[in-house]
Structures are given as structure tokens and as C-alpha cells.
Amino acid sequence: MPLPDTNAKSIILFDGVCNLCNGFVQFIIKHDKAGRFVFGMLQSEHAAKILADYNYNNKKMNSVILIEDGKIFSQSTAALRIAKKLDGGWKLFYAFIIFPAFLRDGVYAFIAKYRYRVFGRTDSCMIPTADLKEKFID
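Residue numbers for the sequence shown follow my numbering, so the first one is 150 and each next one is one higher.
Pasting the structure below:
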């Protein structure tokens with residue numbers, strides 16, 4: 150599939166072997182009735198190409214990446230900007246943006262560090278079902 154136009158949809162890149170990340174993606178899909186997001190696994194060639202285009206190094210793969218309006222966001226800023234676009238009361242979480250990024254990202258980094266230990270991981274990246282295939286870039 151060709152790389153999507155970053156001005157048309159917001160792109161979420163996530164760790165495809167992380168159970169927490171996969172759950173987050175499923176949650177987003179469920180609460181994104183307008184179809185604002187497309188997804189890609191950080192382990193994919195498409196994600197590597199996108200990140201290279203932005204000169205963004207995410208070798209540790211310890212952050213969700215959001216690309217929207219030609220800009221790249223990571224860690225807590227990405228998560229909060231995603232929440233802001235979801236249906237329902239999830240938009241309220243965006244209020245946490247008032248806290249300095251170093252505090253928000255500290256909490257994010259703590260969760261990221263232990264995500265495999267607490268939530269587990271899979272041996273391979275998730276494979277989207279046929280009905281979700283159009284929401285994935287790889």
C-alpha cells in the first residue's frame with residue numbers, strides 16, 4: 150500500500166509486538182468513528198521510511214508516534230493529541246497537556262519501560278483483520 154498523505158489522515162506508528170500498544174490501537178479504532186487515523190507498526194519498512202522522512206530516530210521503539218498536519222509527535226504529547234480526536238469523553242484527557250512535557254513524558258517513559266513485563270509481548274506484529282486492513286499502512 151502506498152504511504153498515505155500525512156495531510157489527509159493522522160498516522161499512528163506503534164510497537165507491533167507490544168500487547169499494551171496493540172490494545173491501545175484497538176481502543177483507538179473503536180473510538181474513532183470518523184476514521185481520522187491510519188496505523189503502522191514501528192517494525193515495518195513503511196514506518197522506517199516515514200520516520201526517515203522526518204529525520205526521527207526511534208530505534209528503541211519505546212514510544213507511540215503521531216504524525217499529523219506534517220508534524221511528528223511522540224510520547225505523552227502523541228497520546229494526548231490522539232485522545233483529543235477520539236469520540237466521547239476521551240477528549241477530556243487532553244487537559245493533561247497543561248503539565249510540562251518532562252513530567253508527562255516521565256510517566257510515559259516509566260510505563261514504556263515496563264510495558265512488556267506487565268502486559269507482555271507477542272513474537273510477531275499483529276495482522277489486521279480483513280475489515281481493518283484499510284486502516285493500516287503496512
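Heads up, the beta-carbon is just placed ideally off N, CA and C, and yes, glycines get one too.
Beta-bridge pairing by DSSP links E217 to K220. Taking a cut-off of 8 Å on C-beta distances, the region 159-168 touches the region 184-192, as three or more cross pairs fall below it.
Inter-segment contact for the region 246-264 and the region 222-234 is present: three or more beta-carbon pairs are separated by less than 8 Å. Put simply, the backbone Cα of Q192 is about 7 Å away from that of D164. Look at V166 here: in three-state DSSP terms it is coil, with no helix or strand label. Here the alpha carbons of N204 and E194 stand approximately 15 Å from one another. The Cβ-Cβ distance between D181 and L235 falls below 8 Å. The beta carbon of R270 is closer than 7 Å to those of V166, C167 and N168 in its chain, skipping five residues each way along the sequence.
The continuous stretches of alpha helix (DSSP H) do not include G189, which lies in the beta strand (DSSP E) extending over residues F186 to M190. With a cutoff of 8 Å on beta-carbon distance, A232 and F242 are scored as near each other.
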